[in-house]
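**Student:** In the UniProt record's numbering, the protein residues as written are 1 to 515.
Just so it is clear, CB atoms sit at the ideal spot from N, CA and C, and this is done for glycine as well.
In this text, all values refer to a predicted model and were calculated from it rather than measured experimentally.
There's a structure below that I have some questions on.
See the structure below:
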């Protein structure tokens, strides 16, 4: 059984969301439940915590737009979408007149924060099993920390509500990261290391430690980041899946490599897609990523890997002279040269047969990761995918730990963990070579290794920005040569715009960069 706990979030989601809205009438409907009347029992606590996860699977969350925003700005991804809410992300040309997409993400992450705040405020006062109580509060701290992580990372200076107060100042980025770290620290002692079914997919101690380490890393605190990543490693509950591709389909979800993933399902909930607004019991728990990222004639092709990404995979052959297997799990392309195969399976046909009469399609690159190309579906036009989104994999912990070791001067330890990740891809053993590299050389190598491991997983632009490449004329020129979309980058647009409604409704709020 997989990811059933989310089934119980919809009804209470509606209650919590409505309860947090501004009052439009002075009268109280005696038949309507409010936050004040709701938080009474253990079941209320559980339902309220389940609601905190709901934001992930709404349109502005990981159902569609969070993966778009996190992926499209990297040099490994391009967008020729006719919808500017998608294509202008990668071109650094989002405007404030229309907040479609990025504004939904902003709003829905705050919706999730509001739900978490209510759990943190109300669950401690409920008479219930203390172990469960602590765990639920820990889950709320973790989820609030993760929502804030995304908001601070993508939008910069944002308000930081930790109560139900409605008017708040705009924080500094430093204050935002401090709140992120505080929430993950609060979550760690309250969360279990693992869960049994049907609770797999909930926040764990390892997930909180990994994200705390990531927050430290994003702020250049390599000592503290290293401690957290090593603590995750020392839990001895995570390992790399032998088959890299097992991390991106509906089979083998919540596996040994998964530190935290978003739970989608084709069977839970109702039958409608979960767009924006007050959740409904008719909403299913589908992902729309597959159709949005899908190849021509199988999906909308709003997002594609770049030719640069394909070229990066071709830089180094495996020990037996083949293309990196991670490429074949990530990108659809005319790969007969690389794999010596006559045909490339693609849904109920092959890549070569699908595009035999379309030379332009035959010569392009398309998303394979997180697509339903291996099953019985003929295409993605039903809009419904049940593939979980893996937000944090153990290989990410390993490579972030390696990065910390390089910055701390521990070249041998750094090289060891880089090679451990490479081993799964059957790449040559270069551990001794890497151990002799300078810090700068290792930084470049880690940049290469992370692109190969995490293409289409929303990490590349975060890496580019935190490494300072946008402020380095040489690196920026290199990025422009790899991805023409960087040609329209302007300083200050490494952050997304804050929705104009927030600026208009909150005197003193300042817009990001040059928007």
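(1) Might you give, ordered along the chain, the residues of its own chain that have their beta carbon closer than 6 Å to the beta carbon of residue 461, omitting 5 neighbours on each side?
(2) Thinking just about the alpha-carbon of each residue, which of 451, 222 and 59 is nearest to the one in residue 422?
(3) Please work out which residues of its chain come closer than 6 Å, Cβ to Cβ, to residue 254, disregarding the five sequence neighbours upstream and downstream, and give them in chain order.
(4) Would you mind sorting residue 287 into buried or exposed? The rule is 16 or more other CB atoms within 10 Å of its CB.
(5) Just the C-alpha distance for residue 10 and residue 257, rounded to the nearest angstrom, thanks.
(6) Mind reading off the beta-carbon distance from residue 236 to residue 177? Whole number of angstroms is fine, and I expect it under 8 Å.
(7) Which one of 84, 97, 346 and 45 has the shortest CA to CA distance from residue 504?
(8) Determine, using beta carbons only, whether residue 408 and residue 222 come nearer to each other than 7 Å.
(9) Would a C-beta distance cut-off of 7 Å place residue 428 and residue 322 closer than the cut-off?
(10) Specify the secondary structure class of residue 426 as computed by DSSP and reduced to three states.
(11) Would you call the stretch 369-382 in contact with the stretch 288-304, where contact means no fewer than 3 C-beta pairs closer than 8 Å?
(12) Compute the distance between the beta-carbons of residue 326 and residue 244, then report whether it is under 7 Å.
(13) First and last residue of the alpha helix (DSSP H) that includes residue 392?
(14) Whole angstroms is fine: what's the gap from residue 512's alpha carbon to residue 347's?
(15) Within this structure, are the beta carbons of residue 108 and residue 49 separated by less than 7 Å?
(16) In angstroms with no decimal places, state the Cα-to-Cα distance between residue 424 and residue 56.
(17) Quick one, are the C-beta atoms of residue 366 and residue 289 less than 7 Å apart?
(18) By Cβ distance, which residues of its chain are closer than 6 Å to residue 213, with the 5 residues on each side in sequence left out?
(19) For a quick check, are the C-beta atoms of residue 274 and residue 63 less than 7 Å apart?
(20) Is residue 397 near the ligand NAP, judged by its Cβ being under 6 Å from some heavy atom?
(21) Take the Cβ of residue 343 as the centre, count every other Cβ of all protein chains shown within 10 Å, and call the residue buried at 16 or more, exposed below.
(22) Per DSSP, which residues does residue 272 bridge with? Please list them.
(23) Could you compute how far the alpha carbon of residue 496 sits from the alpha carbon of residue 47?
(24) Can you tell me whether DSSP reads residue 350 as helix, strand or coil?
(25) By Cβ distance, which residues of its chain are closer than 7 Å to residue 329, with the 5 residues on each side in sequence left out?
(26) Just confirm the distance between the C-beta atoms of residue 191 and residue 203, as a whole number of angstroms; I'd bet it's less than 8 Å.
(27) Out of curiosity, what's the CA-to-CA distance linking residue 506 and residue 499?
(28) With residue 262 as the anchor, note down where its beta strand (DSSP E) starts and where it stops.
(29) Can you tell which of 158, 338, 418 and 68 has its C-alpha closest to the C-alpha of residue 518?
(30) Compare the C-alpha of residue 444 against each of 478, 260 and 426 and name the closest.
(31) Run through DSSP, which three-state label would residue 331 get?
(32) Going by C-alpha to C-alpha distance, which of 337, 115 and 76 sits closest to residue 279?
(33) What are the residues that DSSP puts in a beta bridge with residue 366?
(34) Mapping the DSSP letters down to three states, classify residue 479 as helix, strand or coil.
(35) Have a look at residue 37 and residue 126 and give me their C-alpha separation to the nearest angstrom.
(36) Grouping DSSP H, G and I as helix and E and B as strand, with all else coil, what is residue 512?
**Tutor:** In brief:
(1) For the purposes of this step, residue 461 is taken as the residue at position 461 of the chain shown. Hits under 6 Å: 73 and 74.
(2) By one-based count along the chain shown, residue 422 stands at place 422. When each option's Cα is compared against that of residue 422, the closest is 451.
(3) Stepping through the chain shown from its first residue, residue 254 is reached at position 254. Excluding sequence neighbours, residue 254 sits near 200 and 201.
(4) Counting from 1 along the chain shown, the entry for residue 287 is found at position 287. That one is buried.
(5) By 1-based counting over the chain shown, the position of residue 10 is 10. By 1-based counting over the chain shown, the position of residue 257 is 257. Interpretation of residue 10 is limited by its pLDDT of 43, a score under 50 that renders its predicted location unreliable; the figure taken from the coordinates is listed afterwards. Approximately 29 Å between the Cα atoms of the pair.
(6) Here residue 236 is taken as the residue at index 236 of the chain shown, counted from 1. Here residue 177 is taken as the residue at index 177 of the chain shown, counted from 1. Contact doesn't hold; Cβ gap of about 29 Å is too wide.
(7) What you label residue 504 is simply residue 504 of the chain shown in a count that begins at 1. The option with the nearest alpha carbon to residue 504 is 97.
(8) Taking the first residue of the chain shown as 1, we reach residue 408 at position 408. Taking the first residue of the chain shown as 1, we reach residue 222 at position 222. Yes, they are a contact pair.
(9) Indexing the chain shown from 1 puts residue 428 at position 428. Indexing the chain shown from 1 puts residue 322 at position 322. Not in contact: residue 428 and residue 322 (Cβ atoms no closer than 7 Å).
(10) Start at 1 with the first residue of the chain shown, and residue 426 comes out as number 426. It is coil, neither helix nor strand.
(11) yes
(12) Here the question's residue 326 lines up with position 326 in the chain shown. Here the question's residue 244 lines up with position 244 in the chain shown. Going by C-beta atoms, residue 326 is nearer than 7 Å to residue 244.
(13) Position 392 of the chain shown, counted from the start, is the residue given in the question as residue 392. Here residue 392 belongs to no alpha helix (DSSP H); instead the beta strand (DSSP E) covers 389-393.
(14) Translated into positions along the chain shown, residue 512 becomes position 512. Translated into positions along the chain shown, residue 347 becomes position 347. Cα to Cα, residue 512 sits roughly 43 Å from residue 347.
(15) Translated into the one-based positions of the chain shown, residue 108 becomes position 108. Translated into the one-based positions of the chain shown, residue 49 becomes position 49. No.
(16) The residue given as residue 424 occupies position 424 in the chain shown. The residue given as residue 56 occupies position 56 in the chain shown. Their backbone Cα atoms lie some 30 Å apart in a straight line.
(17) As a first step, residue 366 is located in the chain shown; it is residue number 366 there, counting from the start. As a first step, residue 289 is located in the chain shown; it is residue number 289 there, counting from the start. No; because the gap between Cβ atoms is not below 7 Å, this pair is not in contact.
(18) By 1-based counting over the chain shown, the position of residue 213 is 213. Once the five neighbours on either side are set aside, the close Cβ partners of residue 213 are 225, 228 and 229.
(19) Residue 274 sits at position 274 when you count from the first residue of the chain shown. Residue 63 sits at position 63 when you count from the first residue of the chain shown. Contact: yes.
(20) Among the components modelled here there is no ligand, and therefore nothing to report on the ligand NAP.
(21) Residue mapping note: residue 343 aligns to position 343 of the chain shown, counting from 1. It is exposed - the Cβ of residue 343 has fewer than 16 other Cβ atoms within 10 Å.
(22) Counted from its first residue, the chain shown places residue 272 at position 272. BP columns for residue 272 point to 283.
(23) On the chain shown, residue 496 is found 496 positions in, with the first residue counted as 1. On the chain shown, residue 47 is found 47 positions in, with the first residue counted as 1. Those two C-alpha atoms are separated by around 33 Å.
(24) Working through the chain shown from its first residue, we reach residue 350 at position 350. The answer is strand: DSSP assigns residue 350 an E or B state.
(25) Taking the chain shown and counting its residues from 1, one reaches residue 329 at position 329. 244, 245, 248, 368 and 369.
(26) For the purposes of this step, residue 191 is identified with residue 191 of the chain shown, where counting begins at 1. For the purposes of this step, residue 203 is identified with residue 203 of the chain shown, where counting begins at 1. That belief holds up - the Cβ atoms of residue 191 and residue 203 are roughly 6 Å apart, short of 8 Å.
(27) For the purposes of this step, residue 506 is taken as residue 506 along the chain shown, with counting starting at 1. For the purposes of this step, residue 499 is taken as residue 499 along the chain shown, with counting starting at 1. Near 11 Å, if we compare the C-alpha coordinates of residue 499 and residue 506.
(28) Translated into the one-based positions of the chain shown, residue 262 becomes position 262. Looking at the DSSP string, the run of the beta strand (DSSP E) that includes residue 262 is 258-262.
(29) Because the chain is modelled from 1 through 515, residue 518 falls outside the range shown and cannot be assessed.
(30) Working through the chain shown from its first residue, we reach residue 444 at position 444. Considering only alpha carbons, the answer is 478.
(31) Residue 331 sits at position 331 when you count from the first residue of the chain shown. Of the three classes helix, strand and coil, the one that applies to residue 331 here is strand, per DSSP.
(32) On the chain shown, position 279 is the one that residue 279 refers to. The shortest Cα separation from residue 279 among 337, 115 and 76 belongs to 115.
(33) Counted from its first residue, the chain shown places residue 366 at position 366. DSSP lists 332 as partners of residue 366.
(34) Translated into the one-based positions of the chain shown, residue 479 becomes position 479. Helix at residue 479.
(35) Working through the chain shown from its first residue, we reach residue 37 at position 37. Working through the chain shown from its first residue, we reach residue 126 at position 126. Between residue 37 and residue 126, the C-alpha separation is close to 12 Å.
(36) Residue 512 sits at position 512 when you count from the first residue of the chain shown. DSSP places residue 512 in coil when its eight states are reduced to three.
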